[in-house]
Amino acid sequence: MKSYIKTLGIILVLFCSNIFAQSGLQDKIIATIGDKPIYESEFIERFEFTPIQKKQIKNLIPELKLEFLYTLIAEKIWAKYAVENNFDTTEAIRYARKSIEKMYLRDALFNKEVREKIVIDNKMINTGIERFNNRPSIRFITSLDSAEIYSLYSLLKSGADFDTLLSTRPELKEQSEPQSIKFGDLQDYVEDQVYKLKPKQFTSPIAAPDGWYIFYVYNIKRQLTGTSKETTTQLEEIKKIIEERETQKNYDTFVRSFFAGKKVDADSRLFNLLASELQKVFKEKESMRQVDSAGLYNLNQFDVVKIESDIQGDLASPFITIEGKKITLKEFFRDFAFDGLALEAVDKLTIYNTLNNRVKRFIEYELLADEAYRRGLQYTPEVINAVAMWMDNYLSQAVKANAIEEIEIPDSIAKQYYSTLYKKTEIPVQVNIIEIFTDKLEDANRVLFDARAGIDFKLLADKFNKREWTKKSHGEYGYFPVNTFGEIGKAAQSMDIGEIFGPIKNDGGYSVIKLIDKKEKEFLPETKSFAEIKDELKRKLAIEKVSNRIINKTAELASKYGITINRDVLNSAEVTTINSFAIRIMGFGGKTTAVPLVSPETDWVDIWLKKKEPLP
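Start counting the sequence shown at 15; every next residue gets the next number (our numbering).
Put into structure tokens, the structure is as follows:
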């Protein structure tokens, strides 16, 4: 049944990358760092899609807006500093910029060829309303064999009962009752056939990706018209369904035409070489249990460096040829690494299949990006602004990361830090005893005398023990830590197995105990070994060590560049109290966070403001 139920291949972006361009409003400057502006549009978009603590408290919004602006200013300060120090020319940044640009170029091409070509007319809407208000109840018969489905169709045309035919078929299990269908539930080509039917009628065989189908309509229920608000909501839903369908149609039309006849090739030797290197890296991760919270093995920057080092001699070799354009193994791998890789399984087949799929996707993405470049879409404001926003974030991170990498943290310091984080869990000595509790000292002494004379201790417990909760176990406690049960635990800790001791004075009476077993102190293993997280700990320590330098340097650069904040624009900037996080689905594939995410960075502000104060 899955094949005919509607599936949307394209997920639409829920927001515009440039809200002011879309609305026709003039974008205002909210702050400047030297000659580098921050526009109101970027501020609003990033504020809205960045998780911010206490954002839901309306009275705090003015304060939060200012703090967030300071965070953005810090990002732009470091981006400016990075450019001044040629970080934007480094290989890693150049590859990152190209990947980002291509992603937004594909999205821009998608806008041109898919979104902007969507036409919704009144006939579509009226048909949607009619179908939305009429809900057929259906069942189906399906087969992979066209001969079989047409044979069943002939039987139905000859008067055979649909339910009788269905009762003999396996598909009955997934449709015990007729299913009520509303507009949008079916693929449009199926829906067109179903909505032509009256009750007790059936379709001719319909081809689907997973076989052939015949649909039967039992009845049609009329949906009652609700309030004006409900009607408006329904109309919006109908328009959305139509838009999704038209998007899919435009997408399919473009893709079929665009990719037809394209000449591509990949070097199998280099493919196998890269696959082998990936397998080595992931097998090592598996042996060391290096998984994230979701149980996935992730390719990190250290892995990328290692792989490139191991295959250095082949990095410059042409790996993929697309319409005569040669792409080196290094170019592909940098793009591959930029997208990231997380695997649940690390066997050879999984790695090879994953790499194969990524090669296919890379080729498709390159062809689409090349077409966008050919059309000059890299010069559109939407692409320019999006790339600039992301590059400011990347440059800011890169220059600060470089400062962190320059700090050497000895293994001994990291080990010491590890021991404070992952202290072994100590389980104290545990003992098991038989206790005979009496309310009279003379009874306790009698028990002690009889026990030393060789009388079975459990028999004595059955006779003398007055502790209710141990009577059924013949006085036996079960294992307990020696730091519990007061003087009894202390005494048991120093006893040998089989030894009898007492009387012990305690609340309400006297105890004579026999130690029957002892478990020595033990330690539970650490959650993660030092080897697993050594690099992570060193980086964390380096960050802590350099954080004050970064704060002071930010203030210094702010003074050097000069910061101007337009308070009127900041105060008038309209934002919501909704604390949201969004993923942007890009046209033709790929996704990213809606905006570059930033952590609060305001510690530098007080230092900067003090420097701004005039001297007495």
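Even glycine gets a Cβ: it sits at the ideal position worked out from N, Cα and C.
Please classify residue i: is it buried, with 16 or more other beta-carbons within 10 angstroms of its beta-carbon, or exposed?
i      : result
Glu188 : exposed
Ile256 : buried
Leu39  : Residue placement at Leu39 is flagged as unreliable, the pLDDT there being 49, under the threshold of 50; the coordinate-derived value follows with that caveat. Exposed: under 16 other Cβ atoms inside 10 Å.
Met302 : exposed
Arg563 : exposed
Asp406 : buried
Trp483 : exposed
Asn140 : exposed
Gln237 : exposed
Asp531 : exposed
Tyr393 : exposed
Thr245 : exposed
Leu363 : exposed
Leu623 : exposed
Arg270 : exposed
Asn497 : exposed
Phe333 : buried
Gln444 : buried
Pro395 : exposed
Glu345 : buried
Gly576 : exposed
Glu59  : buried
Asp279 : exposed
If you drop the 5 nearest sequence neighbours on each side, which residues of the same chain put their C-beta closer than 7 Å to that of residue i?
i      : result
Leu391 : Leu119, Ala122, Leu123, Val397
Ser160 : Trp226
Lys277 : Glu337
Ile66  : Leu78, Phe82, Asn593
Tyr431 : Leu551, Leu555
Leu382 : Arg120, Leu123, Phe602
Tyr408 : Ile107, Ala110
Could you tell me which of the options sits nearest to residue i, measuring between CA atoms?
i      : options                        : result
Lys263 : Phe57, Glu130, Ala608, Leu555  : Glu130
Val526 : Gly48, Arg481, Arg563, Gln444  : Arg481
Glu558 : Glu422, Asp620, Pro517         : Glu422
Gln215 : Pro184, Gly522, Ala174, Arg60  : Ala174
Val589 : Lys486, Gly48, Asp206, Leu80   : Leu80
Ser307 : Ile114, Glu358, Lys277, Gln315 : Glu358
Pro517 : Phe463, Arg553, Tyr432         : Phe463
Lys626 : Pro610, Asn585, Lys574         : Lys574
Gly275 : Phe347, Glu378, Ala289         : Glu378
Met403 : Asp135, Asn73, Val612          : Val612
Lys94  : Phe451, Thr591, Pro51          : Pro51
Glu490 : Leu473, Glu380, Asn147, Lys137 : Leu473
Glu56  : Glu546, Lys212, Gly48, Asn399  : Asn399
Ala351 : Tyr53, Ala465, Ile107          : Ile107
Whole angstroms are fine: how far does the CA of residue j sit from the CA of residue i?
i      : j      : result
Tyr387 : Met117 : 12 Å
Lys454 : Ile511 : 26 Å
Asp177 : Asp199 : 23 Å
Asp457 : Lys535 : 34 Å
Ala356 : Ile75  : 38 Å
Glu191 : Lys243 : 32 Å
Ala417 : Val97  : 15 Å
Phe61  : Phe101 : 27 Å
Ile252 : Glu205 : 14 Å
Lys477 : Lys486 : 12 Å
Ala221 : Gln193 : 20 Å
Gly240 : Gln70  : 33 Å
Ile514 : Phe471 : 9 Å
His488 : Ala475 : 6 Å
Asn446 : Ala505 : 12 Å
Pro610 : Phe544 : 32 Å
Asp324 : Ile599 : 35 Å
Glu380 : Tyr366 : 21 Å
Arg375 : Gly604 : 10 Å
Lys414 : Met138 : 54 Å
So, for residue i: in the same chain, excluding its five sequence neighbours on each side, which residues have a beta-carbon less than 8 Å away from its beta-carbon?
i      : result
Val128 : Ile24, Thr261, Asn264, Tyr265, Phe268, Gly601
Val208 : Pro150, Ile152, Ile195, Leu200, Thr217, Phe229, Val231
Glu615 : Tyr84, Thr85, Ala88, Glu89, Thr568
Ile132 : Glu257, Glu260, Thr261, Asn264
Ser331 : Asp281, Leu284, Thr342, Leu343
Val401 : Arg111, Ile114, Glu115, Tyr118
Asn566 : Trp618, Ile621
Residues in the same chain with beta-carbon distance under 6 Å from residue i, minus the five sequence neighbours each way, listed in chain order, please.
i      : result
Ala596 : Phe63, Ala608
Leu186 : Leu180
Phe154 : Tyr227, Phe229
Would you say residue i lies against chain B (beta-carbon separation less than 9 Å)?
i      : result
Gly603 : Annotation note: the requested chain B is absent from the structure, which comprises a single protein chain.
For the pair the segment 312 to 323 and the segment 290 to 300, tell me if three or more CB-CB distances fall below 8 Å. yes
Report yes or no: do three or more beta-carbon pairs, one from the segment 359 to 379 and one from the segment 274 to 289, lie closer than 8 Å? yes
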